[in-house]
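Notes to accompany the following structure.
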Amino acid sequence: MILLLLGFSTVFAQNTDLQLAQQFSANGEEQKALEIYQRLYKQDNDAYYTGYLNSLLALKKTDEAESITKKMMKKHPADFQYAIALGKVYREQGHPEKAEKVYDDLLKNLPTDYNSIVQLATQFYQSENSDVAVRIFQQGRKTLHNDQAFTLELISLYRFKHQKAPLINEYLNFLPLNPGYINSAENTMAGVFENNADYDMLKTELLKRIQAAPQQVIFADLLTWQYLQIKDYEQALNQAIALSRRRNDDGSSIFELCQTLVSNEAYDEAIRGYEYIIAKSAKDQQIYVAAKVELINTKNLKVTSGKYTQADLEGLEKDYFELLTEFGRNNGTAFAMQKLARLQAFKMHKLPEAQKLLEEMIKLPNLNTSMLAACKLDLGDVYVMSNQPWEATLIYSQVEKSNADVATVQDAKLRNAKLAYYTGDFAWAKGQLDVLKAATTQLIANDALNLSLLIKDNIEEDSTGAALKIYARADLWIFKEQPDKALMALDSIDKKFPNNELADDILMAKARIHIQQNDYSGAAPLLQKIVDEHKTELWADDAVFMLGDIYENHLNDKEKAKTFYQKIITDYPGSLFINDARKRFRILRGDKMNGQL
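The opening position of the sequence shown corresponds to residue 430 in the working numbering, with each subsequent residue numbered one higher.
Here is the structure:
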């Protein structure tokens, strides 16, 4: 019993001393830490070697570090950690050639089982010597006579070291037998590659592999991805079509690629891809119908995202009618009907035709809940544009009371509140908007907050809201996409009410008109004026973020965009745009997400 108590007392004292030594080391008092480690080491070499060694190295006592490490190697000749430590000591002494000799001896005497090799390489990696870890895995392949061994470990090391050529080589050897890792490979390479030269290196290797092993479609898939990364969309589509023909598939891979092309605004290439699917598919195939719909939708995006003529709009309208004639008006073509109605309402101002089409859609049997709600919201918008406010509020209210998802219900409430605002019922509108400031969707919450503050600020200055009523009317003209009438109303405010409080609001409304017309060069100076002259008012952070977006995505000035995103972070930390601004700033700065295996 006495011996047991003595043993317990000794262990307790050692633990206390160890904690004290660690504290001294953390505080930079290495000499005090060394004295404790030295005493503990003499009591138990194995337990306290690492702490003693690190303390010696911290104080540049490398000769003593070498001496105790060689003693531990003699005591434990099969434990590689001491050889690794000796190499580290030699490097600290300025004798890299001695360290290399130690490492060469380890490589010549590698263990012959997989797990031991991994354990040895891991110890080198943990001691911040990844170069030797790589050499161990490479030698381990020879020892085990297995060229596929340690692939994932080597990929991880090459990624860490940003060694692109060996990373590419490992993946291209690995993927033919493990095609399920292709997404992981793409993510990893995207995280390591820095410019087009890196992707060109990948392309060169892929072309060699394709020539040597044309049956390996994984290389062709990766080549398509490579073209997408360098935004060579034409070659990406060419490669994908060639692969589709080789596979003689149904075109679903092309369909997925076209969706990616559309998201990158590569509309011409996407249109060509959808046309390829339509040409090769039978009319009774599901993909044929989907490609037909998406082809027209893509043409719609191409036209409405840029400058377009009346003839372009009429051509699109004709395409939609032909689609509905071919496939009928039913649940399967509801999306096309909705797009056609929006085209007619907002771009062609054919309000009766759009209203009739949407009313027809609502009556379709078995239309799913989300589509039905979306159609009713669109119909409400058409009623607003055609001066039928009572019909509009009734249809919006139907959506509010429906079983649609929360975001759609909140959207309907916001539209009802905006309708009240357009018609001058500011008190009721503000009451609804104040509730929506806590909406689950950030866009709805932000719109509600801004409109509520707009009403509050201007009603406080003028309880009649006379100037605000004209501004609301201009807002309605913007909604109807009738910019000339909107500008006329905005310009009349200062003439009728010289001392109004709407200066920044008018600038924002005019900027929105320019953006609606894809005139980003015209919008930028208006937004800049808000930033310069109204930096503490309602639209300040909106203007800053919008400028960042315009310079990033439309005026091709990434550096200027970065300054505006930085301004949100530094000057408007409470802005609802803060998270998005921070993310965009980091991307423009060149930060990368590390790929994962």
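Cβ coordinates follow ideal geometry from the N, Cα and C atoms, glycine included.
- Comparing C-alpha distances from Ser681 to each of Ser710, Gln460, Ala665 and Pro912 shows the shortest one belongs to Ser710.
- A distance below 6 Å between beta-carbons, with the five flanking residues on each side excluded, links Ala550 to the following residues of its chain, in chain order: Ala562, Ile565 and Phe566.
- Between the stretch 869-887 and the stretch 828-842 there are three or more inter-stretch CB-CB distances shorter than 8 Å, so the stretches are counted as touching.
- Remark: C-beta atoms of Leu730 and Glu685 do not approach each other more closely than 9 Å.
- By the criterion of a C-beta distance shorter than 7 Å, Tyr511 is surrounded in its chain by Thr498, Met501, Met502 and His505, once the five residues flanking it on both sides are discounted.
- In the three-state reduction of the DSSP assignment, Ile659 falls in the coil class, being assigned neither a helical nor a strand state.
- Within 10 angstroms of the beta-carbon of Val531 lie 16 or more other beta-carbons, which makes it buried.
- Taken through DSSP and simplified to helix, strand or coil, Ala507 comes out as coil.
- One Cα belongs to Ile639, the other to Asp576, and the distance between them is close to 20 Å.
- Selection Pro540, Leu604 and Asp492 evaluated against Glu521 yields Asp492 as nearest (Cα-Cα).
- Counting C-beta pairs closer than 8 Å gives fewer than three between the stretch 947-965 and the stretch 914-929, which falls short of the contact rule.
- Residue nearest to Gly735 within the set His983, Gly480 and Ala1010 is His983 (criterion: CA-CA distance).
- The continuous alpha helix (DSSP H) containing Gln567 extends over residues Ser559 to Leu573.
- Bounds of the alpha helix (DSSP H) holding Asp933 are Ala932 to Gln945.
- DSSP places Asp961 within a helical segment (H, G or I) once states are collapsed to three.
- Taking the Cβ atoms as the reference, Leu651 lies roughly 7 Å from Ile611, within the contact range of under 8 Å.
- The continuous alpha helix (DSSP H) containing Lys991 extends over residues Lys987 to Asp1000.
- It is roughly 26 Å from the alpha-carbon of Lys776 to the alpha-carbon of Lys898.
- Assignment of Phe764 by DSSP, reduced to helix, strand and coil, places it in the helix class.
- In the three-state reduction of the DSSP assignment, Gln644 falls in the coil class, being assigned neither a helical nor a strand state.
- Burial check for Ala626: the Cβ neighbour count within 10 Å stays below 16, so the residue is exposed.
- The three-state reading of DSSP puts Trp906 in helix, counting H, G and I together.
- Less than 9 Å divides the Cβ of Ala614 from the Cβ of Leu604.
- For Tyr737, no alpha helix (DSSP H) run applies, since DSSP gives it neither H nor E.
- Taking 9 Å as the cut-off, the Cβ atoms of Phe764 and Val722 count as close.
- Of Cys687, Tyr656, Gln714 and Leu808, the smallest CA-CA separation from Asp679 is found for Gln714.
- Taking the CA atoms as reference points, Lys989 sits about 42 Å from Ala821.
- The beta carbon of Tyr587 sits closer than 6 Å to those of Pro595 and Leu596, all from its chain and outside the five residues before and after it, given in chain order.
- The straight-line gap separating the alpha-carbon atoms of Glu623 and His591 is approximately 10 Å.
- Taking the C-beta atoms as reference points, Ser881 is found nearer than 9 Å to Lys859.
- Secondary structure of Pro794 (DSSP, three-state): coil.
- By the criterion of a C-beta distance shorter than 8 Å, Leu955 is surrounded in its chain by Leu936, Met937, Lys939, Ala940 and His943, once the five residues flanking it on both sides are discounted.
- Rounded to whole angstroms, the separation of the alpha carbons of Ala641 and Leu742 is 49 Å.
- Taking the Cα of Trp857 as reference, the smallest distance to any Cα among Ser831, Ile884 and Tyr705 is reached at Ile884.
- Between the alpha carbons of Tyr696 and Lys996 lies a distance of about 33 Å.
- In the DSSP annotation of this structure, Met777 is not part of any alpha helix (DSSP H), being labelled neither H nor E.
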